[in-house]
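For reference, the structure is listed below as structure tokens.
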Amino acid sequence: MGGDRRTAAIDSLKILAFDLAAMCVSIEGATRVPSFLLHDSPREADLGLSIYGRLFDIGQELERVGGKPLFQYIVTTTTAPPAEFRERPYLQLKLHGDPPAQRLLGVDL
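Mapping of the sequence shown onto my numbering: position 55 corresponds to residue 48, and the numbering continues sequentially without gaps.
Spelled out as structure tokens, the structure:
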């Protein structure tokens, strides 16, 4: 119980929890920032598969708040998301590192 509590999983989870809390406050209109969140490749290897899957579930649950979309949440992944999030409306853009034509801007920078 008195051991080190610093692991990649805990550090990643702290970041995700803070980001999601900040987005919730923004959805409530209590901030002066847009209701927009981008998570760049949260790693399933760091979080564990169950926590990684819950990240998408939480986003889906937040989507049900209100009568219209109140936020934009983008998650880039290197590990495939849960099956129900692999097609529209959740999957909007699929990019690859190679060939260059399948990259975001379509070129080597």
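Positions of the beta carbon are idealized from the N, C-alpha and C atoms, including for glycine.
Cβ-Cβ distance between residue i and residue j below 9 angstroms
i: Q65; j: S34; result: no
i: R47; j: T71; result: no
i: L30; j: I67; result: yes
i: R79; j: A73; result: yes
Inter-residue Cα distance where the pair is residue i and residue j
i: D91; j: G(-5); result: 46 angstroms
i: P75; j: L84; result: 11 angstroms
i: L105; j: L40; result: Residue 105 lies beyond the residue range present for the chain, which begins at -6 and ends at 102; the question has no answer from this structure.
i: A1; j: A38; result: 9 angstroms
i: H32; j: K61; result: 22 angstroms
i: I20; j: D50; result: 17 angstroms
i: I3; j: Y45; result: 12 angstroms
i: R(-1); j: L42; result: 19 angstroms
i: V26; j: L63; result: 13 angstroms
Sequence-distant residues of its chain with Cβ nearer than 7 angstroms to residue i (five each side left out)
i: R88; result: One detail in the question is off: residue 88 reads as Leu in this sequence, not Arg. Here the set comprises Q95, R96 and L97.
Boundaries of the alpha helix (DSSP H) in which residue i is found, first to last residue
i: L84; result: No alpha helix (DSSP H) contains L84, which DSSP labels as neither H nor E.
i: L13; result: A1 to I20
Proximal residues to residue i (C-beta, below 6 angstroms), its chain only, five neighbours per side dropped
i: A10; result: none
i: D101; result: P93
Close-in-space but distant-in-sequence residues of the same chain around residue i (CB under 8 angstroms, 5 per side omitted)
i: V18; result: T24
Continuous beta strand (DSSP E) stretch holding residue i: start and end
i: Q65; result: Q65 to T69
i: D50; result: Not the beta strand (DSSP E): D50 falls in the alpha helix (DSSP H), residues L42 to E56.
i: D33; result: F29 to D33
Counted within 10 angstroms of its Cβ, other Cβ atoms place residue i as buried (16 or more) or exposed
i: G22; result: exposed
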